[in-house]
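Participant: One structure is given below, represented as structure tokens, and several questions about it will come after.
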Amino acid sequence: MQKVVQSLHFELLHAGQAALDDRWNYNNVISPFTRIFLVTKGAAMLHHSHQTFQLRPGYIYLIPSYVYNRYKCESYHEQFYVDFMEAAPTGLSIYNLKKFKFEIPEETIDRSLFEKLVQLYPDRVIYDSEPMAYSTQLANHLKANEQFARMYPDRYLATHGILTLLLSRFIDATATLSEDQNDLHDLRRIQIYIAENLDGPLSISKMAQHFNMSSDHFSRSFTKIIGVRPNRYIQQRRIERAQMLLLTTDDTISEVAEKAGYQSLAYFSRAFKKITGKNPNTFRKDRFDF
Numbered sequence: 007m008q009k010v011v012q013s014l015h016f017e018l019l020h021a022g023q024a025a026l027d028d029r030w031n032y033n034n035v036i037s038p039f040t041r042i043f044l045v046t047k048g049a050a051m052l053h054h055s056h057q058t059f060q061l062r063p064g065y066i067y068l069i070p071s072y073v074y075n076r077y078k079c080e081s082y083h084e085q086f087y088v089d090f091m092e093a094a095p096t097g098l099s100i101y102n103l104k105k106f107k108f109e110i111p112e113e114t115i116d117r118s119l120f121e122k123l124v125q126l127y128p129d130r131v132i133y134d135s136e137p138m139a140y141s142t143q144l145a146n147h148l149k150a151n152e153q154f155a156r157m158y159p160d161r162y163l164a165t166h167g168i169l170t171l172l173l174s175r176f177i178d179a180t181a182t183l184s185e186d187q188n189d190l191h192d193l194r195r196i197q198i199y200i201a202e203n204l205d206g207p208l209s210i211s212k213m214a215q216h217f218n219m220s221s222d223h224f225s226r227s228f229t230k231i232i233g234v235r236p237n238r239y240i241q242q243r244r245i246e247r248a249q250m251l252l253l254t255t256d257d258t259i260s261e262v263a264e265k266a267g268y269q270s271l272a273y274f275s276r277a278f279k280k281i282t283g284k285n286p287n288t289f290r291k292d293r294f295d296f
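Counting from 7, one number per residue, gives the positions in the sequence shown under the numbering used here.
Listed below in structure tokens is the structure:
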């Protein structure tokens, strides 16, 4: 796990300050990026991860990537916001490795961190708060980041440092592993193994053998700790990878399916629609042809 954390890389997408009214009202939002925002005035509501948060001034909020969320403002509020993608060489998300808090009190330095990002990236402001609208520019922002890193390495490093600092504030350092989790000490290695092999076949028997377990013990332990069966977990990770590729690359649907570990295009389309509610072509079209 330590190597995964040390290898984390962040790509900034949006940064800005917004004044939002009752039009800020969206349901079933899901994005491949993380959002952190600091409320400075007014009030609103956020719901995700089976929790409801009353947004209030002086607090910072986290919405992890690939988490369904909804938010609503009854009247008016103001916020600083930043959206970014996080990646590790294994493809495993930091949210698979650590427990996170989603609401924390603002510290003295925090507002200046948001202000610095807005200063560095004045062109990354979101002009349309409709989620579908601001998700259409992901690929362009990622390409722009490559050029930004070449031209302004000092600013690029500063950006990475600020994003790292902001995200680190939400890690629940007091969380401890339960006895059940300690019993399956290979859990994190299993998650990394799955992430590294998503583009190939992943059977329970093969994974159990790799980690010197029986298939039954592997499946029971995995389900007890993660909360879903191994096959469903793998399916969810495959679809997340497919969503990322559809949003950030020009790969064909067949290429996306193959990179996500699906040998059958028809099966990939069915699985994708079952989880996201849309087929791959519609998902890409809705995002990029808005």
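Positions of the beta carbon are idealized from the N, C-alpha and C atoms, including for glycine.
Distance, Cα to Cα, residue 158 vs residue 151?
Facilitator: 10 Å
Participant: Is the CB-CB distance between residue 19 and residue 130 below 8 Å?
Facilitator: yes
Participant: Hey, quick one: how far does the beta strand (DSSP E) through residue 177 stretch, first residue to last?
Facilitator: Premise fails: residue 177 is in no beta strand (DSSP E) and is neither H nor E.
Participant: Which of the three DSSP states is assigned to residue 120 in this structure?
Facilitator: helix
Participant: According to the neighbour-count rule (16 or more other Cβ atoms, all chains shown, within 10 Å of its Cβ), is residue 128 buried or exposed?
Facilitator: exposed
Participant: In whole angstroms, what separates the C-alpha of residue 284 from that of residue 255?
Facilitator: 18 Å
Participant: Less than 8 Å between the CB atoms is what I'm expecting for residue 110 and residue 168, so what's the real figure, rounded?
Facilitator: With a Cβ gap of about 16 Å, residue 110 and residue 168 do not count as contacting.
Participant: Quick check on residue 77: buried or exposed, where buried means 16 or more other Cβ atoms within 10 Å of its Cβ?
Facilitator: buried
Participant: In chain order, what residues of the same chain have a beta carbon less than 6 Å from the beta carbon of residue 104, not counting five sequence neighbours either side?
Facilitator: 177
Participant: Residue 46 by DSSP, collapsed to three states: which one?
Facilitator: In this structure, residue 46 counts as strand in the three-state DSSP scheme.
Participant: Would a C-beta distance cut-off of 8 Å place residue 2 and residue 243 closer than the cut-off?
Facilitator: No statement about residue 2 is possible, as the shown extent of the chain runs from 7 to 296 and does not include it.
Participant: Less than 8 Å separating the beta-carbons of residue 40 and residue 86?
Facilitator: no
Participant: Whole angstroms is fine: what's the gap from residue 123's alpha carbon to residue 273's?
Facilitator: Roughly 42 Å between the two C-alpha positions.
Participant: With DSSP as the reference, label residue 111 as helix, strand or coil.
Facilitator: Here residue 111 sits in strand by DSSP.
Participant: For the beta strand (DSSP E) that residue 69 lies in, which residues bound it at each end?
Facilitator: 65 to 69
Participant: Please identify the residue among 70, 62 and 291 whose C-alpha is closest to the C-alpha of residue 174.
Facilitator: Nearest C-alpha to residue 174: 70.
Participant: How should residue 239 be labelled, buried or exposed, when 16 other C-beta atoms within 10 angstroms of its C-beta is the threshold for buried?
Facilitator: buried
Participant: Any idea if residue 80 is buried or exposed, counting beta-carbon neighbours within 10 angstroms, 16 or more meaning buried?
Facilitator: Looking at its Cβ environment, which holds fewer than 16 other Cβ atoms inside 10 Å, residue 80 is exposed.
Participant: Whose CA, out of 149, 100 and 90, lies closest to the CA of residue 120?
Facilitator: 90
Participant: Excluding the 5 residues flanking residue 62 on each side, which residues of the same chain have their C-beta closer than 7 Å to its C-beta?
Facilitator: 45 and 49
Participant: Buried or exposed: which applies to residue 261, given that a residue is buried once 16 or more other Cβ atoms fall within 10 Å of its Cβ?
Facilitator: exposed
Participant: Can you tell me where the alpha helix (DSSP H) with residue 131 in it begins and where it stops?
Facilitator: Here residue 131 belongs to no alpha helix (DSSP H), and DSSP marks it neither H nor E.
Participant: Using CA coordinates, which residue listed in 34, 100, 219 and 118 is at the minimum distance from residue 88?
Facilitator: 118
Participant: Would you kindly check if the distance between the Cβ of residue 222 and the Cβ of residue 266 is under 8 Å?
Facilitator: no
Participant: Please report how far the alpha carbon of residue 72 lies from the alpha carbon of residue 37, in whole angstroms.
Facilitator: 5 Å
Participant: Grouping DSSP H, G and I as helix and E and B as strand, with all else coil, what is residue 40?
Facilitator: strand
Participant: Beta carbon of residue 277, beta carbon of residue 271: below 8 Å?
Facilitator: no
Participant: Starting from residue 248 and walking both ways along the alpha helix (DSSP H), at which residues does that stretch end?
Facilitator: 236 to 254
Participant: Between the Cα of residue 55 and those of 108, 43 and 226, spot the shortest distance and give me the residue it belongs to.
Facilitator: 108
Participant: When the Cα of residue 113 is compared with those of 64, 161, 92 and 147, which residue comes out closest?
Facilitator: 64
Participant: Considering only residues of the same chain and omitting the five flanking positions on each side of residue 28, which have a CB-CB separation below 7 Å?
Facilitator: 79, 80 and 81
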